[in-house]
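**Q** Numbering (our numbering), first residue to last: 2 to 736.
We put the beta carbon where it would ideally sit given N, CA and C, even for glycine.
Owing to the predicted nature of the structure, the values given are computational and were not obtained by experimental measurement.
Quick one: the structure is below, and I'll ask about it shortly.
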Ligand code: IVH
């Protein structure tokens with residue numbers, strides 16, 4: 002496995018590594034499941050899967066047909082094992098007003114009345130809005146982790162908790178009890194939540210409603226590598242069973258946790274008076290919106306453990322602690338309209354436009370309605386969905402700012418629903434370009450995607466810039482000097498609307514010069530403003546671009562006859578990454594043929610009656626081709642493009658002189674440097690015949706790791722067997 006951070010991988014490197022990981026993981030799966038003889042540890046195996054997932058999340062277009070994440074049925078999915086907590090996991094009494102807090106303190110004073118000199122201290126710390134977990138350490142080693150469950154019995158989620166970086170596998174420092182259950186909160190930051198939403202949107206994955214539910218879902222994954230990819234966090238704030246008190250006070254115990262390697266809230270203080278507690282409550286409230294994660298109050302606890310023990314518990318709650326909740330920042334308003342926004346990847350996102358209302362000091366006018374099912378309140382099978390809400394235009398709704406930041410609808414005031422309010426009809430066409438908007442079926446799960454997407458791939462203005470950027474990117478047409486920045490400029494100044502326009506830029510030289518000059522001016526002005534100094538005569542990047550216009554135009558001209566696979570990839574058809582594009586190029590040889598088959602497939606009732614069965618091309622790709630070529634609006638764009646660009650027909654370079662020409666070759670076992678279909682194509686290009694099984698007619702067997710019975714047949718028949726490297730050398734591709 003490569004050590005290189007995923008963030009710094011180039012697309013080519015990522016593709017290579019994904020290929021290698023797919024082969025490697027498949028081989029380990031086979032050793033584990035079929036042979037019962039794994040050759041690596043579970044941790045090493047998990048690391049491979051995590052790496053694979055991380056790369057796929059960063060390069061969603063590179064997800065392979067044979068990706069380990071697409072394979073189903075490896076470990077059987079079943080519930081988690083139940084764990085009985087040695088000491089129950091409690092909840093907290095709640096306080097809503099300063100008076101409630103005063104009452105809490107007064108109750109304490111009265112309870113300890115016999116002990117008038119007693120100096121009760123309290124801790125105050127944020128109440129994190131996540132999920133509590135209990136982590137059992139024996140001799141300093143993390144041995145078991147569980148959810149709260151009903152407080153008495155939770156679920157064993159050890160493997161998932163082990164993926165959380167904030168949770169030490171071994172305690173650091175010294176002085177920890179022989180056995181201790183550390184308790185605290187697992188949570189997800191807003192940044193991580195937003196990033197996950199975006200990654201998910203890019204691959205047409207599920208939608209996520211809020212960080213807390215997402216953290217909960219992430220913790221209950223059967224595959225810990227999924228949990229790992231969610232970058233959950235953990236704060237330690239309490240403990241359950243222990244063989245010794247960490248320290249004599251709550252505050253010092255938590256400081257110990259920090260020494261042992263846990264993250265603890267930096268906002269925890271020790272205070273003596275109600276005024277100090279309330280003051281700290283307001284300090285935390287002020288910082289609430291800048292913490293980057295949800296909190297919903299402040300927890301006060303008696304500091305001295307001795308006093309905690311004396312004061313004791315009522316049913317399910319300690320008497321010595323209370324959660325001072327933040328006032329719910331809610332308000333009522335009406336839904337005036339529901340608008341559909343089209344994202345850069347074509348997702349239709351519904352937004353409720355509200356009569357403006359102030360919630361916690363901020364005016365809220367818009368609130369996301371997430372997706373079609375959320376608005377209906379149930380999914381396409383008629384099942385009510387979690388967090389779903391039946392919102393209609395005209396409805397009165399209760400709005401809340403979750404975690405003080407993201408506004409959301411909490412509920413609909415059904416009593417106030419206008420008599421004529423009808424369920425919202427989610428559009429089935431894109432409001433930006435008019436193309437059909439569809440919901441894909443996830444081949445893995447068989448479920449309908451919660452998002453509806455515009456199929457107007459090339460013609461949808463909402464998706465245009467993203468597509469143009471893709472068109473000129475490295476694996477696609479790879480036009481030198483035409484990066485994302487220039488694409489943005491040309492798009493925004495109206496010079497390039499579709500890919501074809503790139504090739505006519507040269508004819509509009511004065512306008513291009515003007516756009517570049519204007520940007521140069523603008524940037525110089527900004528620099529001046531920023532530095533406060535008068536303009537210096539520096540050569541900016543833009544200036545060089547501007548002077549290098551001829552170079553840009555010739556770079557564009559140089560790509561007028563691209564390789565067919567690059568061209569297909571550049572079209573940006575959903576699910577068609579570089580590998581699939583290459584397979585299609587090989588299969589159809591010319592763009593005209595691909596278009597012809599694509600259109601016929603789109604028209605056919607049964608796509609399989611037209612589209613040939615091709616190794617490595619499944620229904621997802623076929624459906625994507627149908628959507629693309631079936632959309633007449635794409636025709637004009639494609640025609641205009643093909644008037645400018647002439648993709649080279651794909652030719653098999655059959656070299657008769659090659660050493661393997663005319664020979665019959667069989668590949669067996671897993672190949673490490675190429676996929677099966679690539680190996681086959683390469684051999685065929687060199688004039689070899691590739692067979693699926695070994696027979697007397699076989700001339701050569703290329704065997705990778707895991708080769709089975711075919712090897713034996715080959716040796717019985719006395720056929721030459723070589724490994725992948727030798728094969729590559731023999732065909733002149735080695736070392
Ligand atoms: S102490 C014996 N401290 O709130 C007291 N709980 O309503 C045990 N929570 O289930 C809890 N932040 O999930 C404590 N700083 C904090 C907390 C906290 C969040 C959650 C926890 C618990 C719930 C109780």
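Does the distance from the C-beta atom of residue 373 to that of residue 453 stay below 8 Å?
**A** Yes. Within cutoff.
**Q** Between residue 261 and residue 177, which are expected to be in contact by the criterion C-beta below 8 Å, what is the C-beta distance as a whole number of angstroms?
**A** Right, the Cβ-Cβ distance comes to about 6 Å (below 8 Å), so this counts as a contact.
**Q** Take residue 222 and list the residues in its own chain whose beta-carbon comes closer than 8 Å to its own, dropping the five residues that flank it on each side.
**A** 161 and 228.
**Q** State buried or exposed for residue 2, treating a residue as buried only when at least 16 other CB atoms are found within 10 Å of its CB.
**A** Burial call: exposed.
**Q** Which runs of the alpha helix (DSSP H) fall wholly inside the region 265-345 and span at least 4 residues, in chain order?
**A** The region 265-345 contains these whole alpha helix (DSSP H) runs: 275-288 and 306-312.
**Q** Taking only heavy atoms of ligand 1 into account, decide whether any of them is closer than 7 Å to the Cβ of residue 341.
**A** Checking the Cβ of residue 341 against ligand 1 gives no.
**Q** Given 7 Å as the limit, tell me if residue 238 has its C-beta closer than that to any heavy atom belonging to ligand 1.
**A** For ligand 1, at least one heavy atom lies less than 7 Å from the Cβ of residue 238.
**Q** Taking the straight line between their C-alpha atoms, what separation do you get for residue 366 and residue 251?
**A** Between residue 366 and residue 251, the C-alpha separation is close to 44 Å.
**Q** Helix, strand or coil: which one does DSSP assign to residue 228?
**A** It is helical.
**Q** For residue 660, collect the residues of the same chain with a Cβ closer than 6 Å to its Cβ; drop the 5 residues on either side in sequence, then sort them by chain order.
**A** So the list reads 731, once near-sequence residues are dropped.
**Q** Thinking C-beta only, is residue 433 closer than 8 Å to residue 413?
**A** In this structure, residue 433 does not lie closer than 8 Å to residue 413 by Cβ.
**Q** Could you compute how far the alpha carbon of residue 523 sits from the alpha carbon of residue 327?
**A** So the two alpha carbons sit approximately 46 Å from each other.
**Q** For residue 726, which of 671, 687 and 714 has the nearest alpha-carbon?
**A** Looking at the Cα atoms, 671 is the closest of the given residues.
**Q** Work out the CA separation of residue 80 and residue 126 for me, nearest whole Å.
**A** The straight-line gap from Cα to Cα measures roughly 34 Å.
**Q** Starting from the C-beta of residue 78, find all residues in its chain whose C-beta is less than 7 Å away, skip the five residues before and the five after it, and write them out in chain order.
**A** Any answer about residue 78 is weak, because its pLDDT of 32 lies below 50 and its placement is not dependable; what the coordinates show is given next. 223.
**Q** Any idea what DSSP makes of residue 610, helix, strand or coil?
**A** Residue 610: helix per DSSP, three-state reduction.
**Q** Do you know offhand how far residue 470's Cα is from residue 626's?
**A** Rounded to whole angstroms, residue 470 to residue 626 spans 21 Å at the Cα level.
**Q** Measuring CA to CA, which of 87, 105 and 85 is closest to residue 93?
**A** That would be 105, whose Cα lies nearest to the Cα of residue 93.
**Q** Helix, strand or coil: which one does DSSP assign to residue 458?
**A** Correct three-state label for residue 458: coil.
**Q** What residue range is occupied by the uninterrupted alpha helix (DSSP H) comprising residue 215?
**A** Where residue 215 is concerned, the enclosing alpha helix (DSSP H) stretches over 212-220.
**Q** Heavy atom of ligand 1 less than 7 Å from the Cβ of residue 319, yes or no?
**A** It does: the Cβ of residue 319 is within 7 Å (strictly closer) of some heavy atom of ligand 1.
**Q** Would you tell me roughly how many angstroms separate the C-alpha atoms of residue 64 and residue 200, rounded to the nearest one?
**A** Rounded to the nearest angstrom, the two C-alpha atoms are 13 Å apart.
**Q** Taking DSSP as the reference, what is the three-state secondary structure of residue 9?
**A** The answer is helix: DSSP assigns residue 9 an H, G or I state.
**Q** Once the 5 residues before and after residue 128 are set aside, which same chain residues still bring their CB inside 7 Å of it?
**A** Once the five neighbours on either side are set aside, the close Cβ partners of residue 128 are 296, 297, 298, 299, 300 and 324.
**Q** Closer than 8 Å is the cut-off here; do at least three beta carbon pairs connect the region 601-611 with the region 417-431?
**A** No, because fewer than three Cβ pairs between the region 601-611 and the region 417-431 fall closer than 8 Å, the two stretches do not touch.
**Q** Under 8 Å between C-beta atoms, does residue 514 make it to chain C?
**A** Although the question refers to chain C, the structure presented lacks it and comprises just one protein chain.
**Q** Which residues in the same chain have their Cβ closer than 6 Å to the Cβ of residue 113, if we skip the five residues on either side of it in sequence?
**A** The residues are 119.
**Q** How many Å lie between residue 188 and residue 136 at the Cα?
**A** Taking the straight line from one Cα to the other gives about 15 Å.
**Q** Could you spell out where the beta strand (DSSP E) holding residue 375 opens and where it closes?
**A** Element bounds for residue 375: not the beta strand (DSSP E) but the alpha helix (DSSP H), 373-377.
**Q** What do you reckon, are the CB atoms on residue 717 and residue 704 nearer than 8 Å?
**A** No, these two residues do not count as a Cβ contact at 8 Å.
**Q** Do residue 400 and residue 358 come within 8 Å of each other at the CB atom, strictly closer than that value?
**A** The answer is yes: Cβ separation under 8 Å.
**Q** Hey, how far is the Cα of residue 280 from the Cα of residue 99?
**A** Roughly 11 Å separates the two Cα atoms.
**Q** Entirely within the region 474-502 and at least 4 residues each: give me those alpha helix (DSSP H) ranges in chain order.
**A** Whole alpha helix (DSSP H) segments, 4+ residues: 485-493.
**Q** If you draw a straight line from the alpha carbon of residue 193 to that of residue 331, how long is it in whole angstroms?
**A** So the two alpha carbons sit approximately 25 Å from each other.
**Q** Using only the alpha-carbon positions, how far apart do residue 565 and residue 237 sit?
**A** Cα to Cα, the separation comes out at about 56 Å.
**Q** Given 8 Å as the limit, is there contact between the region 333-342 and the region 148-156, that is, 3 or more CB pairs closer than that?
**A** Taking 8 Å as the limit for Cβ pairs, the verdict is that the region 148-156 does not touch the region 333-342.
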